[in-house]
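K.L.:
Numbering (UniProt numbering), first residue to last: 1 to 201.
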Amino acid sequence: METTKVLLNKVFTIMSRIPRYAIIEGKRQPPPSCPSLMRNAMNFEPEKDDIFVVAYPKCGTTLVTQINSPPRQKSQKIPKPRCFKTHLPLNLLNLSREAKYIYVARNPADCLVSHYHHARFFPIYFFSDGTLDEMFEMFIKGEVESDDYFDHLLSGYDRRNEPNTLFLTYESILADRRGACLQIARFLGEEHYTNLLKMTK
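Next comes the structure, spelled out in C-alpha cells:
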C-alpha cells in the first residue's frame with residue numbers, strides 16, 4: 001500500500017504538468033488575473049476614435065500596440081486617440097461603431113510553441129517541467145489561456161469586413177513592416193497615413 005508521501009508526490013507531479021490558470025467568467029486567464037479588472041474590461045465603454053488591438057495570447061498584441069502607441073512617461077495620461085490592447089475575443093467586448101478594432105491573427109502552430117515557452121518560463125504557471133506534447137493536447141482542446149484559439153480567431157475573422165475593423169496577421173506584419181505600418185495608419189485615418197508617408201520617404 002502506497003504511503004501518503006508517495007501519493008502526494010504523484011499528485012504534485014501531475015499538477016506540475018498542467019499549467020495553472022484563473023477561471024474568471026468561465027474563461028481561463030493568467031494566474032494573477034483580477035476578476036474585477038476583467039469584468040471592467042468587458043463592460044468598458046469606448047470613446048470616439050479609441051483603438052483596440054485584439055489578439056489571442058502570443059499572437060502579436062504587443063507588437064501592434066507599440067506601432068500604435070507613442071512613447072510616454074508612466075505618469076502621463078493616455079493621449080488621444082487612446083490605444084488599448086486585450087486578449088479578450090471581440091464577442092466579449094462592448095463594441096462601438098465609433099471605435100476602431102485591429103485584430104491580429106497568427107499561425108496556430110507558432111502560437112502553440114510560443115504558449116509552451118511562455119508557460120515554462122514563468123513560475124506562476126507551475127509548468128516548468130511540462131512538455132510540448134502536453135501543451136499541444138491542451139491547446140487543441142482549448143484548455144489554455146484564453147481558451148479555444150479558433151473560437152477567438154472567428155470573433156475577429158467574422159468582423160473583417162466591418163469598416164471599423166482591420167484584420168491582420170502576425171506573419172504579414174513581419175514580412176513587410178513598413179507596409180503594415182502604412183496599412184494601419186490608413187485604417188486609422190488619412191491624416192495618419194499622409195503624415196507617416198512623409199516621414200518614411
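We treat Cβ as the ideally placed atom computed from N, Cα and C, and that holds for glycine.
Tell me the DSSP bridge mates of Pro29?
P.N.:
The displayed chain sequence assigns Gln, not Pro, to residue 29. Gln29 is bridged to Ala22.
K.L.:
Tell me where the alpha helix (DSSP H) around residue 218 begins and ends.
P.N.:
It is not possible to answer for residue 218, since the shown part of the chain is limited to 1 through 201.
K.L.:
Quick check on the burial criterion: 16 or more other C-beta atoms within 10 angstroms. Buried or exposed for Val53?
P.N.:
Val53 should be labelled buried.
K.L.:
Report the option in Pro163, Pro35, Arg106 and Thr165 whose CA atom is closest to the CA atom of Leu174.
P.N.:
Here the closest residue by C-alpha is Arg106.
K.L.:
For the candidate residues Tyr170, Ile67 and Tyr116, whose alpha-carbon lies nearest to that of Phe136?
P.N.:
Considering only alpha carbons, the answer is Tyr116.
K.L.:
Just curious, the alpha helix (DSSP H) that Val64 is in, first and last residue?
P.N.:
Where Val64 is concerned, the enclosing alpha helix (DSSP H) stretches over Thr61 to Asn68.
K.L.:
Helix or strand or just coil, what does DSSP make of Thr194?
P.N.:
Thr194: helix per DSSP, three-state reduction.
K.L.:
Kindly give me the distance between the Cβ atoms of Arg28 and Glu134, rounded to whole angstroms, as I take these residues to be in contact under 8 Å.
P.N.:
Actually they do not touch by this definition, with Cβ atoms about 16 Å apart.
K.L.:
At a Cβ threshold of 8 Å, is Pro108 touching chain E?
P.N.:
You won't find chain E in this structure, because it holds only one protein chain.
K.L.:
Is the distance from the Cβ of Ala185 to the Cβ of Leu196 below 8 Å?
P.N.:
Yes; because the gap between Cβ atoms is below 8 Å, this pair is in contact.
K.L.:
Please work out which residues of its chain come closer than 6 Å, Cβ to Cβ, to Leu153, disregarding the five sequence neighbours upstream and downstream, and give them in chain order.
P.N.:
So the qualifying residues of the chain are Ala105.
K.L.:
Report the three-state DSSP secondary structure of Ala185 (helix, strand or coil).
P.N.:
In the structure shown, Ala185 sits in a helix (DSSP, three-state: H, G or I).
K.L.:
What is the C-beta distance between Tyr193 and Gly156, in whole angstroms, given that I count them as a contact (C-beta under 8 Å)?
P.N.:
Incorrect: roughly 22 Å between the Cβ atoms, too far for contact.
K.L.:
Apart from the five residues on each side of it in sequence, which residues of its chain come closer than 7 Å, Cβ to Cβ, to Leu112?
P.N.:
Closer than 7 Å at the Cβ level, and outside the excluded window around Leu112, lie Met135, Phe136 and Phe139.
K.L.:
So if DSSP puts Phe52 in a beta bridge, which residue, or which two residues, is it bridged to?
P.N.:
For Phe52, which the question treats as bridged, DSSP gives the partners Phe84 and Tyr101.
K.L.:
Please identify the residue among Leu63, Leu166 and Glu98 whose C-alpha is closest to the C-alpha of Gln183.
P.N.:
It is Leu166 whose Cα lies nearest to the Cα of Gln183.
K.L.:
The ligand FMN heavy atoms versus the CB of Thr61: any closer than 7 Å?
P.N.:
Only the bare structure without any ligand can be found here, which leaves the ligand FMN out of the picture.
K.L.:
Who does Asp168 pair with in a DSSP beta bridge?
P.N.:
Reading off the sequence, residue 168 comes out as Leu, not Asp. According to DSSP, which records beta bridges pairwise, Leu168 is partnered with Val104.
K.L.:
Where does the unbroken alpha helix (DSSP H) through Glu137 begin, and where does it stop?
P.N.:
Note, Glu137: alpha helix (DSSP H), Leu132 to Ile140.
K.L.:
Out of Thr200, Pro32, Thr86 and Ser36, which one is the CA nearest neighbour of Ala55?
P.N.:
With distances taken between Cα atoms, Ala55 lies closest to Thr86.
K.L.:
Return helix, strand or coil for Pro57, following the three-state DSSP convention.
P.N.:
Coil.
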